[in-house]
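Have a look at the structure below, then the notes.
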Amino acid sequence: MQFRSLNIIEPILKAVEEEGYITPTPIQEQSIPIVLSGTDLLGCAQTGTGKTAAFAIPILQILRSTQTNERKRKIRSLILTPTRELAIQIGESFNSYGRHTGITNTVVFGGVNQNPQTNALRNGIDVLIATPGRLLDLISQGFISLSDVGIFVLDEADRMLDMGFIHDVKKIIALLPRKRQTLFFSATMPPEIVKLADTILYKPEKVAVTPISSTVDIVNQYVYFVDKGNKNSLLLEILKDRNIKTALVFTRTKHGADKVVKVLIKNDIKAEAIHGNKAQNARQRALSNFKAQTTRVLVATDIAARGIDVDDLEYVINFEMSNIAETYVHRIGRTGRAGAKGTAISLCDAEEKQYLRDVEKLIAKKIKIIDNHPFPLIDHNPVKVPKQQRPPRRNNQEQGKQKVATQNSNQQKQKTANTTTQSGYTKQKFLTRKSR
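Heads up, the sequence shown is in our numbering, so the first residue is 11 and it goes up one at a time.
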């Protein structure tokens, strides 16, 4: 099947072909007709399956067909997404597919000055792509009204839950018109997500293009067992392969990402980190450098990496195994996108073996072990040194009460001492007068 078979209007079809796309991915093939029919949609799809186009293309077509001549445009479609990187990515997709439609959009997210965003909102837009926090902030300031939204997209719902946005999402949903079309997308479907979907969707059509929580089959997956202290050395050894033009490296913490970058730069490998402590312009610059291949290695935390979409990214390296099995799926989903080949390498120390077992159980397959490397695992059962036990610390309230009690006790002792002294002085004075 080709895009022309999906009853897409010519302005959008022209833009899609200009992007070099002829054949829709499975989720696009199944979702576009459903969205165009006006039906709610529940989509379960991994990253890299073409999900954004699956909702952007039909939304653009619907908005184009219902365009009015009002002087100021109103927000008619809202796409809610968990991270700024993913929001920007979605905005770029709407710009690409909608370049010949006249449909306008803007992206709002936190961590940057809001003035450029509010200026765009004042001019009027058709599509708003937003992260939850900044959206609620701008609504409270009176810059945004959701009363005209006819199509609502909740993207990456499982990540919304992971990041603690679920309460903000519910607040936003309460502000939307009850009569609307809702498109709900999630890579995984834990019970909490199913429950949320049931509350906001009306008789939805369901699309699941891959088994839930499965990894892209085309991605080659390998694991290297290595002692924790040798991970930096093994990473450098792996990167000696000049066929690895670029690699996305994952760590569990921001501090860990910065440490890896320092090691790589020290060894003349151009690397940058991307995580929540980085300013938005620094994150975008690092991502742009990585896409342009002027930066060879991008080191990221899981939350910051959500939404990274780099063409032909072949290598993902898990410097640290994630303690959440589903996160592994999201990580390696950065490669092998849109049918391209991909390679996922995991560096696993003894303490992370349980995480590896959880991953293999989730994806229902064994990951190939690479034994032939210079830094094999020696300490298979590292003994964790127990931390020295300290007496339990009182909380601030208890400390305050104890302090007041101590002060009162001291004051009472001082008062008793003063009274005794004064009493003794008075008695002595009386006796002296009597003897006279």
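Yeah, the Cβ is synthetic: ideal placement off N, Cα and C, and Gly gets one too. Here the structure is a predicted model, which means the values were calculated and not measured.
Does the distance from the C-beta atom of residue i to that of residue j stay below 8 Å?
i	j	result
Ser106	Ala25	yes
Phe162	Arg190	yes
Thr311	Lys264	yes
Ala167	His340	no
Ile379	Leu245	no
Glu1	Ala302	Examination of residue 1 is not possible in this model, given that the chain is present from 11 through 446 alone.
Phe329	Leu366	no
Leu51	Val217	yes
Val179	Leu164	yes
Leu206	Leu258	no
Thr116	Ile100	no
Ile279	Leu308	no
Ile22	Ile67	yes
Leu70	Gly108	yes
Ile182	Leu146	yes
Pro43	Phe13	no
Ile19	Arg74	yes
Report the residue from the options whose alpha carbon sits nearest the alpha carbon of residue i.
i	options	result
Glu1	Thr353, Met331 and Ala335	Outside the shown range of the chain, which is 11 to 446, sits residue 1, and nothing can be said about it.
Val229	Ile342, Tyr31 and Val45	Ile342
Ile98	Asn125, Thr141 and Asp381	Thr141
Leu46	Lys276, Lys371, Thr192 and Thr353	Thr192
Arg252	Phe235, Val236, Arg306 and Lys269	Arg306
Lys84	Thr209, Ile113, His390 and Lys288	Ile113
Ile373	Asn125, Ile355 and Gln231	Gln231
Asn287	Ile89, Gly121 and Ile18	Gly121
Pro201	Asn391, Asp172 and Met11	Asp172
Asn240	Thr35, Glu215 and Pro384	Pro384
DSSP has residue i in a bridge; who is on the other side?
i	result
Ile161	Ser87 and Gln191
Ser356	Val233 and Asn328
Leu52	Phe194 and Lys216
Gly134	Arg83
Glu282	Leu308
Thr116	Leu138
Does DSSP put residue i in a helix, in a strand, or in coil?
i	result
Ile100	helix
Asn242	helix
Ala302	coil
Phe13	helix
Phe513	In the structure displayed, the chain extends from 11 to 446; residue 513 sits before or after that span and is not available.
Glu166	coil
Val122	coil
Ser196	strand
Ala140	strand
Thr209	helix
Ile176	helix
Asn391	coil
Gly60	coil
Ile379	strand
Glu247	helix
Gln77	coil
Ser41	helix
Pro92	coil
Leu156	coil
Thr151	In the sequence as presented, Thr is not what sits at residue 151; that position holds Gln. Coil, per DSSP.
Gln398	Residue placement at Gln398 is flagged as unreliable, the pLDDT there being 45, under the threshold of 50; the coordinate-derived value follows with that caveat. In this structure, Gln398 counts as coil in the three-state DSSP scheme.
Glu29	coil
Arg344	coil
Ser47	coil
Ile183	helix
Lys72	The residue you asked about is not Lys; residue 72 is Ile in the sequence shown. Helix at Ile72.
Please classify residue i as buried or exposed, where buried requires at least 16 other C-beta atoms within 10 Å of its C-beta.
i	result
Gln151	exposed
Tyr338	buried
Asn242	buried
Gly60	buried
Tyr212	exposed
Gln38	buried
Lys255	exposed
Gly160	buried
Ala292	exposed
Ser41	buried
Ala335	buried
Ile388	exposed
Thr1	Outside the shown range of the chain, which is 11 to 446, sits residue 1, and nothing can be said about it.
Ile210	buried
Thr78	exposed
Val233	buried
Ile275	exposed
Met11	exposed
Gly48	exposed
Thr345	buried
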